[in-house]
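No gaps in the numbering here: position 397 of the sequence shown is 405 in our numbering, and each next residue is one more.
Worksheet: the structure to be examined is printed underneath.
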Amino acid sequence: MRLLSVLLAASPAALAFQFPFKVPFLQTDLTPEDVSGATPRIAIIGAGAGGSSAAFWISKAKGAAPYIGGRSITVYPYDDKSYEPLELGASIFEDSSLGVWDGEKLLFSSGGGWWDMFKLIWRYGLTSPRRTDSIVGDILKQFLTLYTPESPRWDNITYLASSLGWTEFLNSTTSDTSSPRSHSKYISEVIEAASRVNYGQNADAIHALEGAVSMATGGAAGVVGGNFQIFEKFVEASNATIFLNTAVTSITSKASSSQPWTVQSNQGSKNYKAVILAAPFHSTGISLSPALASQIPEQPYVNLHVTLLTTKSPSIDAAYLGLPPTEKLPSMILTTYDNARKGGKEPEFNSLSYHGKVSDDEWGVKIFSKEIISDEWLQTVFKGEVGWVYRKVWEAYPVLPPTKGFPPVKLDTGFYYVNAFEPFISTMETETIASRNVVELLLNEEFSSTLCAPQISEDRDRQLSLGEYYFPSRHPDGFVLGWDC
């Protein structure tokens with residue numbers, strides 16, 4: 009989800025067609041000053057999941073990255089497009105062959121068969137997996153309400169957490185919340201393996217809500233050719249004018265009711281009606297006034313080393329795992345830190361996964377790790393059969409300890425911060441939800457409207473009944489807030 013300052017901007021030709029959804033009474037709310045010049049413009053800074061989806065929601069955008077998609081990007085082995093591409097950031101693991109490594113031994117391996125299932129039950133029992141599934145299921149049920157007409161709109165994430173019943177999860181680590189109800193071995197081996205591959209953080213450090221999110225990956229899907237295409241399509245559908253490689257240097261306010269915000273970049277300065285910051289502020293290098301900057305606490309991020317490679321070896325060397333050469337190895341190996349807690353060796357990677365063949369005789373492999381993986385290590389582990397190697401270091405995820413506070417979503421009138429959501433839940437999907445909420449706040453406060461219906465206002469003659477928009481017969485099963493209105 010990481011992206012340095014990017015400016016996405018567009019100004020439609022006519023005021024009435026500024027948004028791709030209806031904005032009731034928009035023109036009657038504008039003063040002569042507002043309509044005397046150009047169309048009110050909205051700057052969206054950031055071209056990852058949050059920024060591109062904000063452009064989609066509001067149908068206009070502005071944006072120092074050379075591409076759209078943030079941390080979702082594909083790489084072609086050998087820089088040759090005849091090969092199957094590999095996802096550099098978040099991706100979906102298709103094979104069910106899975107093992108957990110503690111740095112010294114393979115704790116278990118499962119291919120999904122009945123015997124493997126029996127071994128898992130023998131090791132962890134039935135209570136721990138069922139309890140975890142129940143907790144995750146309850147969280148998912150609440151999460152899905154964010155797609156319904158009854159979804160809360162929020163400018164305070166602490167309020168949102170309380171309304172969803174998640175305050176306890178945010179105030180505790182995954183280990184602390186789960187310990188009384190789940191087997192400690194299941195937490196340290198299975199749940200921690202999930203939190204390490206998804207967030208590069210251990211179960212005794214990450215807050216319990218994000219720990220549960222790590223376990224909520226069933227039924228996940230990916231896009232053939234790369235998940236970055238989702239965000240490119242967001243921007244394409246918004247009809248935005250896009251300025252890539254545009255480094256924003258400062259955002260300042262001025263006395264103007266029509267365009268109170270000035271965005272300075274390496275291409276000059278422009279004035280805007282509102283600004284949506286959809287990038288982690290402290291990583292952007294953008295200068296804000298002390299009154300604004302002081303509202304956003306410093307947010308550390310996990311430095312994740314990603315190593316992509318091709319190999320002619322269909323599996324890693326069994327000797328590395330201390331197994332005989334005839335042993336069938338899992339195609340995906342996750343890790344636990346529990347052995348290191350007890351004084352043992354720490355795993356050299358967070359995860360190692362085969363991602364299918366990229367050519368007739370080579371497999372693609374992805375490794376997540378805390379430190380750089382050396383060429384010598386790769387050649388040893390992959391039996392001297394490494395072809396192409398590509399390395400990338402991401403500020404991949406926010407560090408997510410237990411917390412009781414979050415940055416404000418609204419920094420000032422007409423200035424909104426999408427990434428306030430990241431310390432709460434950090435996924436590509438939730439960034440799009442956070443941006444939708446920000447657009448709802450902007451439309452309500454600047455234009456007395458929302459994506460799906462006018463908000464309630466003191467002027468009852470100007471407002472349609474919310475029941476006319478939210479009555480169940482108007483929204484059949486499958487209605488998705490923002491998409492279906």
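Cβ atoms here follow ideal geometry from the backbone N, Cα and C, with glycine treated the same way.
It should be emphasised that the depicted structure is a prediction, and the values quoted were computed from it without experimental measurement.
Between Glu453, Ala442 and Glu176, which has its C-alpha nearest Ser159's C-alpha? Ala442
His363 and Gly372 look like a contact to me (Cβ under 8 Å); what is the Cβ gap, rounded to whole Å? 5 Å
Based on DSSP bridge pairs, tell me the residues matched to Leu360. Per DSSP, Ile341 and Ile375.
Gly276 (DSSP reduced to helix, strand or coil): strand
Look at the alpha carbon of Ser44 and the alpha carbon of Glu453, and state the distance between them as a whole number of angstroms. Because the pLDDT at Ser44 is just 42, under 50, the model does not fix this residue reliably, and the value given afterwards should be weighed accordingly. Distance between the alpha carbons of Ser44 and Glu453: 21 Å.
Would you call the segment 140-152 in contact with the segment 372-390, where contact means no fewer than 3 C-beta pairs closer than 8 Å? no
What number of angstroms, rounded off, separates the C-alpha of Trp396 from the C-alpha of Asn206? 25 Å
Nearest CA to the CA of Asp325: which residue from Tyr309, Ser265, Lys336 and Thr315? Lys336
Identify which residue in Ser291, Ile199 and Thr270 has its Cα closest to the Cα of Val221. Cα-wise, what sits closest to Val221 is Ile199.
Strictly by DSSP, which residues pair up with Leu94? Val83
Thinking just about the alpha-carbon of each residue, which of Ile238, Asp124, Trp174 and Tyr424 is nearest to the one in Val144? Trp174
Tell me, please, whether the segment 387-406 touches the segment 341-350 by the rule of three or more beta-carbon pairs shorter than 8 Å. no
Helix, strand or coil: how does DSSP classify Ser295 here? strand
Three-state secondary structure (DSSP) at Phe487? coil
Is the CB-CB distance between Lys500 and Asn179 below 8 Å? Since the first residue shown for the chain is 9 and the last is 493, residue 500 is missing from the structure and cannot be characterised.
Other residues of its chain near Pro415: CB distance less than 7 Å, five sequence neighbours each side excluded: Exclusion of the five residues before and after Pro415 leaves Gln303, Ile304, Pro305, Tyr425 and Ala428 as the residues of its chain whose Cβ lies within less than 7 Å of its Cβ.
Thinking Val243 and Val310 are a contact (beta carbons under 8 Å), I'd like their distance in whole angstroms, please. Contact flag wrong, Cβ pair sits at about 27 Å.
If we count the other Cβ atoms within 10 Å of its Cβ and call it buried at 16 or more, is Tyr405 buried or exposed? buried
Find out if the Cβ-Cβ distance for the pair Trp130, Val417 is shorter than 8 Å. no
Does the distance from the CB of Thr254 to the CB of Asn279 come in under 8 Å? no
Can you name, in chain order, every residue of its own chain whose Cβ lies under 6 Å from the Cβ of Gly490, other than the five neighbours on each side? Arg444 and Leu459
Quickly, what does DSSP pair Asn311 with across the bridge? List them, please. Glu403
Which same chain residues, not among the five before or five after Thr438, have their C-beta less than 7 Å away from its C-beta? Excluding residues within five positions, the ones whose Cβ falls inside 7 Å are Phe429.
In this structure, does DSSP put Thr435 in helix, strand or coil? coil
For Phe33, which three-state DSSP category applies? Because Phe33 carries a pLDDT of 31, less than 50, the predicted location of this residue cannot be relied on, and no value is offered for it.
Give me the residue from Leu386, Asn358 and Thr421 with the minimum Cα distance to Ala299. Thr421
Ser90 burial status per 10 Å Cβ neighbour count (16 or more: buried): exposed
Output the distance between the C-alpha atoms of Ser105 and Phe126, rounded to the nearest integer angstrom. Roughly 15 Å separates the two Cα atoms.
State the Cα-Cα distance for the pair Thr318 and Lys241, rounded to the nearest angstrom. 29 Å
State the DSSP-derived secondary structure class of Trp269, mapped to helix, strand or coil. strand
Using a Cβ-Cβ cut-off of 6 Å (strictly less than) and excluding sequence neighbours within five positions of Phe487, which residues of its own chain qualify? none
From Asp146 to Glu112, what distance separates their C-alpha atoms? 36 Å
Cα separation between Lys365 and Ile294? 42 Å
If you draw a straight line from the C-alpha of Ser456 to the C-alpha of Ser297, how long is it? Going by the C-alpha atoms only, they are around 28 Å apart.
Under 8 Å between C-beta atoms of Leu346 and Asp110: The question names Leu, but residue 346 is Asp in the sequence shown. Between Asp346 and Asp110, the gap from beta carbon to beta carbon is short of 8 Å.
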